[in-house]
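Residue numbers (the working numbering): 119 to 380.
Think of the CB as a built atom: it goes at the ideal place given N, C-alpha and C, for glycine as much as any other residue.
Presented below is the structure to which this report refers.
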Ligand code: BTN
């Protein structure tokens, strides 16, 4: 990456500083351990200990992908903190989709709560961590991982992971992609004050609504089959299941309570 060439332009968008490492364990971990301030961006060309949700490994080949964390403070009531995840996944997808002509944009979708899909395979994910739940001005460390130019993935994820290059044949400029994402992030920030509107537009990109899915509850690991019927205004996902008497039951789950089985 040639961060020094785009740093000035990034600062004009609203960032206060861009901290670049040629390699780093994890940008989220660095931001947490060093108490990095709001509107600072931590970015690396090689993240060698990246983590995703449920502490899963986030693999990323050196110089091929975007792995960064944006630190953002925002005043939100505790009940609305879920919105940062939805906001960032929506924004990152929008920034990338907008590069493509309209007929190709329908190949991109969002998978609850924060996966970015291209042709139904995952090419990106968001890990937004809140570091001060008890304060009014909440501080988020928003980790973004996007598989951009990587063409091979390890055997454990090869069937479900992809990259922009794998699906489109195009080699992308990482700096340009980063600029587009940060620009979109600051341009639409008002949406954070309007969760209902945000969930509405997030749902328009959602891949899961009305789909049958298999999932596990994190508390007991039991495998369940159900149909997603809605994403609620409080960020929950509503799933319909049918019991042995053919009665339909509806349950709303929240981030971290379930994980999907592919
Ligand atoms: C997920 O899909 O589970 C979220 C993946 C988030 C990965 C990003 S890469 C930059 C930042 N640093 C990390 O260690 N993780 C996030």
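- Contact check for residue 169 and residue 144: beta-carbon distance about 6 Å, within the 8 Å limit, so the pair qualifies.
- In this chain, residue 210 is not harboured by any beta strand (DSSP E); it is covered by the alpha helix (DSSP H) spanning 201-215.
- In this structure, residue 213 sits away from residue 307, with a CB-CB distance that is not shorter than 8 Å.
- For the options 132, 176, 151, 163, the alpha carbon positioned closest to that of residue 293 is the one of 163.
- In this chain, the beta strand (DSSP E) harbouring residue 189 covers 184-193.
- Residue environment for residue 183: buried (at least 16 other C-beta atoms within 10 angstroms of its C-beta).
- Nearest C-alpha to residue 238 among 133, 218, 326: 326.
- Straight-line measurement puts the Cα of residue 263 at about 12 Å from the Cα of residue 211.
- Taking a cut-off of 8 Å for Cβ pairs, the stretch 150-162 and the stretch 245-263 touch, as three or more such pairs fall below it.
- Unbroken alpha helix (DSSP H) stretches of 4 residues or longer found wholly inside the stretch 271-296: 282-286, given in chain order.
- Residue pairing by DSSP puts residue 348 in a beta bridge opposite 356.
- Nearest to residue 368 by alpha-carbon distance, out of 265, 357, 378, 375, is 357.
- Relative to ligand 1, even the nearest heavy atom lies 7 Å or more away from the CB of residue 373.
- DSSP places residue 148 in the helix class (H, G or I) of the three-state scheme.
- In this structure, the CA atom of residue 236 is about 28 Å from the CA atom of residue 140.
- Scanning 125, 128, 266, 179 for the CA closest to the CA of residue 142 turns up 179.
- Rounded to the nearest whole angstrom, the CA to CA distance from residue 268 to residue 354 is 32 Å.
- Contact between residue 245 and residue 171 holds, with the beta-carbon distance rounding to 6 Å and staying under 8 Å.
- Each residue's CA atom was taken as its position, placing residue 167 and residue 352 some 32 Å apart.
- Distances taken from the Cβ of residue 146 to the heavy atoms of ligand 1 include one shorter than 7 Å.
- Taking C-beta atoms as the reference points, residue 205 and residue 296 fail to come closer than 8 Å.
- When C-alpha distances from residue 222 are compared across 190, 286, 135, the shortest belongs to 286.
- Cβ-Cβ distances below 8 Å link residue 278 to 239, 240, 380 in the same chain, with the five nearest sequence neighbours on each side left out; the list follows chain order.
- With respect to the C-alpha of residue 217, the residue from 192, 190, 290 having the closest C-alpha is 290.
- Set against 7 Å, the gap from the CB of residue 187 to the closest heavy atom of ligand 1 is smaller.
- Out of 160, 322, 350, 377, the CA that lies nearest to the CA of residue 338 is found in 377.
- Going by DSSP, residue 121 is part of the alpha helix (DSSP H) stretching over 121-131.
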